[in-house]
Amino acid sequence: MEAEPSGDNIRVLTTIGHVDHGKTTFVDSLLAANNIISARMAGKIRYMDSREDEQERGITMESSAVSLRFKMLKRSATGTPEAENFVINLIDTPGHVDFSSEVSSASRLCDGALVLVDVVEGVCTQTITVLRQAWIDRLRPVLVINKFDRLILELKLAPIEAHHHLAQLIEQVNAVMGSFHAAERMEDDLRWREERERRLKARKEAGAESAENDANAGSEGVDTSAEAAYQEKDDEDLYFAPEKGNVIFASAIDGWGFRVSKFAQMYAAKLGIQEGNLRRVLWGDFYIEPKTKRVISYKHLRGRNLKPLFVQFVLENIWAVYDSVVMNPNPDKVTKICSTLDVKVTPRDLKSKDTRQLVASVMSQWLPLATCTFQTVVDAIPPPHKAQGVRVSRMLHPEQDSDSVEPHNKLEGDLYTCSTDPEACVVAYISKMFAVPTKDLPVNKKKEMTADEMRARGRAAREARAAAGLGGTIVEEAKPVDSQEHTTTETKPEALDGLVEEDETLIGFARLFSGVLRPGATIYCALPRFDNQKPNASTLRTVKVGSLYTMMGRDLVPVSEVRAGNVFAISGLEGVVWRNATLCSPNAQGLPEGEDGLKNVDQYKDCLVNLAGVARAASPIVRVALEPAEPADLPKLIRGLKLLSQADPCVESFQQQTGEWVILTAGELHLERCLKDLRERFAKIDVQASKPIVPFRETAVKAPDMPPPKSQSAVRGTIHGSSAHGVVTFTIRALPMPNSITDFLQANVSIMRKWLREGRVKNESESTEFVEQGKTITEEDATADAESYQVATVKDIDFWPTFEKICTEAGKEWVDLPGRIIVTGPHHAGSNVLVGGVGSGITSLQSRTDPRWKVQTKSEDAPAKREYRDYEDSIDTGFQIAAFQGPLCAEPVVGMAYFLEDLKQNPEAAHPQSGQITGSLISAVRDACRAGLLDWSPRLKLAMYTCDIQATTEVLGKVYAVVARRRGRIVSEEMKEGSIFFTVQALLPVAESFGFADDIRKRTSGAASPQLIFSGYELFDQDPFWVPTTEEELEDLGEKADRANVALGYVNAVRKRKGLFVEEKRFEAEKQRTLKK
């Protein structure tokens, strides 16, 4: 990177799209243009898929980066064409839903995106997901309509039909972009109205005061009632339009692609139309008048059957090439086409039986894909110093209305302009860590010798032999001359708690947003929870920069410095950065030698910023318990799990209460990859995996045929309990909450977690960063993380007003719920609530977390409040345990309210030790909560996948059969217009989903492939304890209930796995006797 082009000539972009839409094949063509791979192998080698399993399966699993350099002719100020050097930093990302976290970590580093869409399959689920990610990160997208050859060879469409199909496809993608814009504008509108009301109220108060002062002073008042108007945003730039140059039509496998401007350039002189004007009319409903040769719009057709310009000048030519070469091979026509297009094809290719190779050779010379892509990227995607003004301002100020914000200080100024000045603040964002075999690092590789070096070495050897008088005798050298400098290994940080395996080195995948970064500089590392207002040692570290590399797919190339705007890899962060972080420094030199950066943090506060987010794109849902085949290898497994969870952004690992080590992964394919990595790279031992552990949730409903309540004299769900020796007695009433309240609490778990971190829920200090980052993650943490992965539906400040409104709409008995909630659970952040009695005076959660809350407590404490304060921790702990482990199968509970109706201390009871009271009260509260839930009709909630399947009409019935066999249900089915594909959407229980993808591929002979996305929990409306009682049920099912109770089956399976008691009927059959014996 020493001879870097100027900032204007750098582009940073990513390829995104649905699985199998051709992203890696597309990148191959760009690599071939850079002479990294052979042009003949482009599309076959899939160079960016460096893992063995990626090559076997034919899909990308890890994002990888490459820096491409190319020259482009541009007109200088004098009008003469000049070649300019450009650099494209390109990141290739996976399209499979299991690896969507790789897409989000890559998009944070980029300014633009090539959105690939299969021309036949069209907009799929993952296409919408990645477009949304690009929208959130403010990437400038370019639409690439790939696999164009399928229209000709598979669908066999006529050019006019293909034009109609393409127009519809672009319209579909634009509809997705329009929906994002509309949703954001509605949010902006609401925010603007709230802000306006606040300003009007403040102005009214200020106006009244100033008018009063003016009247008393007798001076002329000044009217300050000018109101800022609502800023309308133009959505013109959002949409893809071929005439604007942000759409590429391509066939990556055949190595060709074009924009409308390419054909406008070809035909401008021939038609006598200016190139710019022809480009505007070459796409759309424009036609050419046969007699006058003038361009006319659809308004002047007058019923004539004319072909659109795009069909006549573009599609028919492409169809003619494919027809002559592939569909109806004609060597004479091919020769004529080659001479007309001025394409040089070797005689060997012309005689070849492989027509696809011939068509690729012709088309790639006529419409080279790499040239078209490079031109589009330079034209449509802004350079870093322009893009960062919009993107970084959004990162730093997410609440802002406009995309352009003036910098408030030097740091923001450097970031917005992507300053490469050595004195500029250095800010780099590490989006993920990845593991590289230590032997593959450049420092450990033997340097390949050039021809001159080999000749010099041979000459030196001959001279040495001559000097020794050995003549022609060959002396074998022990070492090459320069091997010493290439066999040194990178020094490893000390005392990393066994985190770094010697065979694997962790490297950071990063982008430099401002300044210049050099190896050896000491800089700050701000971890994801870092807050500039409260810097502390747990969220801010100092690190010494190790080696810096440019990433070239599977290879790393060492560099002496990195300038702002580039993507790079960095070593030396092991044991400090867990997954993502922000590197900061006042300048390129870093912190002065020997200075304690953490003590003097106030001096450098102006250069510190946190660009790292803690949000995860997808929640890992598939759990598997692991154990080594040899028990003695357990330390290796633990070390391997730590490395794996650091090297993969979407893996969690923790130790269960039973002692088992468990990993959480995003899906079945992700799990297979993790196990392969553990066995072959990180632990290097034989690992045995359990069957997947599927999470359930427990709840209760009000059913029509429930047994009588347990407490005869009280309402249903009321349970009386007491501690040891009856010292404390209490009454708890359990009640299922309405769905609206449960859904709101569930969606906003992240806000409650924030309260917990800030110490507003309980007075406890914030956990250290390493615990938060996953070093000692527990089962409870993992469950809570799975609950809080979704983005909150309201802001922190609007939580209570919105909750009050929802409770009011839910009914009378829930109106006063917000002011009475003591805690939520499980883990003080969930959809269950512990509610204090009316007039108890117990401090509510709202009083501790709602900024609007006014102190309303009386001076004297209510008796219940005093009792509760004495046993607060015991009651809270009992409730949290009951909410975390329900009565059915010890799975977390959702949607239950527990009302603490009575709490009394018995002064006459014998007082045992206080510890005994505390422990027995915890157990009593836990058991009372569980019994209260069982007093209603208990239910399981199943984890569900949304399953999207694309299938042809021939295999549709088989798809339905597989889904039905696995207790799934079809939600929707629609046929893609202009294709033979049906898109089927189904809901499938996660418990039934293992092996589903393989099963559906086998049944349909590979014609259908599903995408499974976790969609939340759904009530399974069957009572696990139901038995037939009425005459009709007994007649239908028999006394033994011949039809299996599916819910009870799920409950018993989980109880067996957890070692809980399961009531089973055992049958002991006697051995059959025969006549012979």
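Residue numbers for the sequence shown follow the working numbering, beginning at 178 and rising by one. Cβ atoms here follow ideal geometry from the backbone N, Cα and C, with glycine treated the same way.
Problem - 8 Å contact criterion, which Lys861 and Asp230 should meet: CB distance rounded - result: Actually they are not in contact, since the Cβ atoms of Lys861 and Asp230 sit about 17 Å apart, beyond 8 Å.
ask   = Between Val799 and Leu841, which are expected to be in contact by the criterion C-beta below 8 Å, what is the C-beta distance as a whole number of angstroms?
value = 7 Å
Item to complete: Going by DSSP, name the residue or residues bridged to Val1268.
Response: No answer is possible for residue 1268: the residues shown for the chain start at 178 and end at 1254.
Consult DSSP for Asp882 and reduce its assignment to one of helix, strand or coil.
Coil, per DSSP.
| field | Beta bridge counterpart(s) of Arg688 as assigned by DSSP | value | Tyr606, Val744
For my contact list, Gly184 and Gly742 are in at a C-beta cut-off of 8 Å; report their separation, rounded to the angstrom. 6 Å
What residues match up with Lys623 in a beta bridge as DSSP calls it? Answer is none; Lys623 lacks a bridge partner.
Reference Leu683, options Ser762, Arg858, Ser715, Trp838, closest by Cα = Arg858
Requested in this report: Could you check how far apart the C-beta atoms of Phe690 and Leu592 are, in whole angstroms? I think they sit under 8 Å.
Outcome: Yes, Phe690 and Leu592 are in contact; Cβ-Cβ is about 6 Å, under 8 Å.
Considering Ala644, what are the terminal residues of the beta strand (DSSP E) in which it resides?
No beta strand (DSSP E) holds Ala644; the alpha helix (DSSP H) holding it covers 628 to 645.
What residue from Thr469, Gly453, Leu483 has the CA that sits closest to Phe463's CA?
Of the listed residues, the one whose Cα sits closest to Phe463 is Leu483.
- Could you check where the beta strand (DSSP E) with Cys784 kicks off and where it finishes? From DSSP, Cys784 is part of no beta strand (DSSP E); its letter is neither H nor E.
*Residue range of the unbroken alpha helix (DSSP H) whose run includes Asn186*: For Asn186, there is no enclosing alpha helix (DSSP H), as DSSP gives it neither H nor E.
**Asked** Which partner residues does Ser1186 have in the DSSP bridge list?
**Response** Gln1127
Inset, instruction - Leaving out five residues on either side along the sequence, give the residues of the same chain with a beta carbon under 7 Å from the beta carbon of Val871. - result: Ala1120, Val1167, Ala1168
Cβ neighbours of Glu1225 in the same chain (closer than 7 Å, five flanking residues each side left out): Position check: residue 1225 holds Leu in this sequence, whereas Glu was assumed. Closer than 7 Å at Cβ, skipping near neighbours: Pro1201.
request  = Keeping to the same chain, check which residues put their C-beta closer than 7 Å to that of Lys1254; ignore five residues upstream and five downstream.
outcome  = Since pLDDT at Lys1254 reaches only 48, below the 50 mark, its modelled position is unreliable, and no value is offered.
*Check the C-beta distance from Leu725 over to Phe745 and give it rounded, since I have them as a contact under 8 Å.*
About 6 Å separates the two Cβ atoms, so the contact holds.
Give the range of the beta strand (DSSP E) segment to which Val307 is assigned. Taken as a continuous stretch (DSSP letters only), Val307 belongs to no beta strand (DSSP E), being part of the alpha helix (DSSP H) at 302 to 313.
Would you mind sorting Met1073 into buried or exposed? The rule is 16 or more other CB atoms within 10 Å of its CB. buried
Could you give the distance in angstroms between the alpha-carbon of Tyr499 and the alpha-carbon of Asp509?
-> Taking the straight line joining both Cα atoms gives about 14 Å.
### Residue-level contact to chain B via CB, Ala714, 8 Å cutoff
Among the chains in the structure shown there is no chain B, since it carries only a single protein chain.
- Message: Rounded to the nearest angstrom, what separates Ala1221 and Ala1163 at their Cα positions?
- Response: 24 Å
Quick check on this structure: which residue in Leu803, Gly1013, Gly1007, Ala637 has the alpha carbon closest to the alpha carbon of Gly836?
Leu803
| Would a C-beta distance cut-off of 8 Å place Thr191 and Thr237 closer than the cut-off? | no
### Query
Considering Phe435, what are the terminal residues of the beta strand (DSSP E) in which it resides?
433 to 435
Query raised in the report: For His585, does the count of other Cβ atoms within 10 angstroms reach 16, so buried, or fall short, so exposed?
Result: Exposed is the call here.
*asked:* In the DSSP output, which residue or residues are listed as bridge partners for Leu1080?
replied: Partner(s): Phe907.
Please list the terminal residues of the continuous beta strand (DSSP E) segment that includes Leu1165.
1158 to 1166
Alpha carbons only, please: which of Glu1240, Ile430, Gly480 is nearest the one belonging to Ser206?
Ile430
ask   = Does DSSP put Ser822 in a helix, a strand or coil?
value = helix
Exposed or buried, what is Thr1206 when buried is set at 16 or more other beta-carbons lying within 10 Å of its beta-carbon?
exposed
Alpha carbon of Ser890 to alpha carbon of Val971, nearest angstrom: 42 Å
Q. Is the distance from the Cβ of Gly894 to the Cβ of Asp1112 below 8 Å?
A. Taking the C-beta atoms as reference points, Asp1112 is found nearer than 8 Å to Gly894.
* Ignore the nearest five residues each way along the sequence and tell me which others in Asp526's own chain have a CB closer than 7 Å to its CB. => Gln534, Leu535, Ser538
* To do: Can you say whether Asp531 is buried or exposed, counting buried as having 16 or more other CB atoms within 10 angstroms of its CB?
  => So Asp531 ends up on the exposed side.
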